[in-house]
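Below is one structure, written out as structure tokens; comments come after it.
2 protein chains.
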Amino acid sequence: MEQAEAELSVEAVCQRLGLTARTLHYYEEIGLISPKSRTSGGHRLYDEKVVGKLEQIVRLKNHLGYSLNEIRHMLDVESRLDQIRLNADNACLSEEIRRSELEEAADMLRSTLSQIQLKMQNLQNMKNRYEEKLRMTEKALETKKYTFISQKGSE
Amino acid sequence: MEQAEAELSVEAVCQRLGLTARTLHYYEEIGLISPKSRTSGGHRLYDEKVVGKLEQIVRLKNHLGYSLNEIRHMLDVESRLDQIRLNADNACLSEEIRRSELEEAADMLRSTLSQIQLKMQNLQNMKNRYEEKLRMTEKALETKKYTFISQKGSE
DNA sequence: TCGCTTCCTTACGTTGACGTAAGGTTACAT
DNA sequence: ATGTAACCTTACGTCAACGTAAGGAAGCGA
Chain A
1 MEQAEAELSV
11 EAVCQRLGLT
21 ARTLHYYEEI
31 GLISPKSRTS
41 GGHRLYDEKV
51 VGKLEQIVRL
61 KNHLGYSLNE
71 IRHMLDVESR
81 LDQIRLNADN
91 ACLSEEIRRS
101 ELEEAADMLR
111 STLSQIQLKM
121 QNLQNMKNRY
131 EEKLRMTEKA
141 LETKKYTFIS
151 QKGSE
Chain B
1 MEQAEAELSV
11 EAVCQRLGLT
21 ARTLHYYEEI
31 GLISPKSRTS
41 GGHRLYDEKV
51 VGKLEQIVRL
61 KNHLGYSLNE
71 IRHMLDVESR
81 LDQIRLNADN
91 ACLSEEIRRS
101 ELEEAADMLR
111 STLSQIQLKM
121 QNLQNMKNRY
131 EEKLRMTEKA
141 LETKKYTFIS
151 QKGSE
């Protein structure tokens, strides 16, 4: 189906995402990512899937303030969901086991979603707060402008 | 105007916010907060203003993932704005200086707001993503339920 | 094959945000 | 006055998330 994807070197991935090699190694150490393969000499080779994962990691970490532990947890849930979906129509485990896995995943998703909801509320509050402050500051600047002008040369 | 506010001990503040004394000390060390006064023996006394500030710090840190450095920066901008507003109608500095301070503050506010905007977008994306996953998981559970029922006792 | 760059592993260093322990002082109820 | 709980300062410990340096192997264009 997919024709052999381009294999990305460490450098290529780092440049595209603004990360360092050390960061990739570290994320691999703690089980967040792993290279698709290695060269005969042991050099890591990544694919586009890893790049997408890394993008998500960066967003979750930098913009949303999740720790790498939390992120791993979230990614684990996602991959387990994919896993379940994969062998859903395919080979079959016990119905009960599959059910409980799905329930667990759903719970995690709901909890994550409520966390996100909370964060959004906080962000909205912050936004309102700072917008108000900005309005006041701009208003102050407006009035100052007038006094400034009227001082320099009236009319 | 304000009648002497209740003075809060370290313990009182910590209990209300779920923080430790060490945290208060640390925040004081790095210039985030400071006690309103001290007892003759050197014990710290806080007021309600500090509590509000701490609440904001906690929100910015835990929910929005800002570092204490970034937070100090934001609080600095806010307090400088208050400062400007205070001696706005009161004693007067040079108009130009005041203007440039206001401009600077406005810039910082705008940059902070755009950061917040970005975070909200990211959060919205995450939310959509996880809602979709949740929907699919729930759908899977629904269909499983039927097969489960029809297996056990049809009708 | 040579030279240069990229990459490997191993391992110690660093920074932020506190935790924790020590040794002594202050506040307050009895 | 006294016990004890809360507090003080000083200082070393810790954990996450990498940075950085060392010494050597792999890739690769000329």
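Heads up: the sequence lines are chains A and B, in that order.
Counting in UniProt numbering, the first sequence runs from 1 upward without gaps.
Counting in UniProt numbering, the second sequence runs from 1 upward without gaps.
For each residue, glycine too, the CB sits at the ideal point set by N, CA and C.
It should be emphasised that the depicted structure is a prediction, and the values quoted were computed from it without experimental measurement.
Amino acids of chain A, ordered along the chain, whose beta-carbon sits closer than 7 Å to that of residue i
{"i": "Asn122/B", "result": "Arg59, His63 and Leu64"}
{"i": "Asp19/B", "result": "Asp is not the amino acid found at residue 19/B; the sequence shown has Leu there. Per Cβ cutoff of 7 Å: no residues; Leu19/B is ~18 Å from chain A at best."}
Proximal chain B residues relative to residue i, where beta-carbon distance stays under 8 Å
{"i": "Glu131/A", "result": "Leu113"}
{"i": "Leu75/A", "result": "By Cβ distance, chain B contributes nothing, its closest Cβ being about 12 Å from Leu75/A, past 8 Å."}
Nonlocal neighbours in the same chain, by C-beta distance under 8 Å from residue i, ignoring five residues either side
{"i": "Val51/A", "result": "Leu8, Val13, Arg16 and Leu17"}
{"i": "Arg80/A", "result": "Glu101 and Ala105"}
{"i": "Arg72/A", "result": "Ile30, Gly31 and Leu32"}
{"i": "Tyr27/A", "result": "Ile33, Leu54, Ile57 and Leu68"}
{"i": "Gly41/B", "result": "none"}
Neighbouring residues, chain B, relative to residue i (Cβ below 9 Å)
{"i": "Ile71/A", "result": "Those within 9 Å of Ile71/A in chain B number zero; the least Cβ separation is about 11 Å."}
Own chain residues within Cβ distance below 6 Å of residue i, not counting five before or after
{"i": "Gly153/B", "result": "With a pLDDT of only 42 at Gly153/B, under 50, the local geometry of the prediction cannot be trusted, and the value read off the model is given with reservation. Excluding sequence neighbours, Gly153/B sits near nothing in its chain."}
Rounded distance between the beta-carbons of residue j and residue i, thought under 8 Å
{"i": "residue 220/A", "j": "Gly65/B", "result": "Outside the displayed span of chain A (1 to 155) sits residue 220/A, for which this structure offers no information."}
{"i": "Leu123/A", "j": "Ile57/B", "result": "At roughly 16 Å, the Cβ-Cβ gap does not stay under 8 Å, so Leu123/A and Ile57/B are not in contact."}
{"i": "residue 204/B", "j": "Tyr130/A", "result": "Nothing in the structure corresponds to residue 204/B, since chain B is present only between 1 and 155."}
{"i": "Lys133/A", "j": "Leu118/B", "result": "Between Leu118/B and Lys133/A the Cβ distance is about 19 Å, and since that is not below 8 Å, they are no contact."}
{"i": "Met120/B", "j": "Met136/A", "result": "About 22 Å separates the two Cβ atoms, so there is no contact after all."}
Residue i: contacting residues in chain B (beta-carbon distance under 7 Å)
{"i": "Arg110/A", "result": "Leu134"}
{"i": "Glu138/A", "result": "Ala106"}
{"i": "Leu81/A", "result": "Lys133 and Thr137"}
Any non-hydrogen atom of the ligand NAD within 7 Å of residue i CB
{"i": "Gln83/B", "result": "As presented, the structure is devoid of all ligands, the ligand NAD included, so that no description of it is given."}
Neighbour list for residue i in chain A, Cβ cutoff strictly below 8 Å
{"i": "Leu86/B", "result": "None at all; the shortest Cβ gap to chain A is about 12 Å."}
{"i": "Ile116/B", "result": "Leu123, Met126, Lys127 and Tyr130"}
Interface partners of residue i on chain A, CB under 9 Å
{"i": "Leu141/B", "result": "Arg99, Leu102, Glu103 and Ala106"}
Residues near residue i by beta carbon distance below 7 Å, same chain, minus five either side
{"i": "Val10/A", "result": "Ala21, Leu24 and Arg44"}
{"i": "Glu5/B", "result": "Asp47 and Glu48"}
task = Evaluate the contact criterion for the stretch 42-49 of chain A versus the stretch 66-86 of chain A: three or more CB pairs, one atom per stretch, below 8 Å.
result = Below 8 Å, too few C-beta pairs join the stretch 42-49 of chain A and the stretch 66-86 of chain A to call them touching: fewer than three.
ask   = Within the chosen definition, does the stretch 72-87 of chain A reach the stretch 97-114 of chain B through at least 3 CB pairs nearer than 8 Å?
value = Between the stretch 72-87 of chain A and the stretch 97-114 of chain B there are fewer than three C-beta pairs closer than 8 Å, too few to call the two in contact.
request  = Return the residues of the stretch 37-55 of chain A that lie within a Cβ-Cβ distance of less than 7 Å from chain B, sorted by chain order.
outcome  = Look at the stretch 37-55 of chain A: it has no residue with a C-beta under 7 Å from a C-beta of chain B.
query = Taking one C-beta from the stretch 130-143 of chain A and one from the stretch 20-29 of chain B each time, how about it: are there three or more such pairs within less than 8 Å?
reply = The stretch 130-143 of chain A vs the stretch 20-29 of chain B: no contact.
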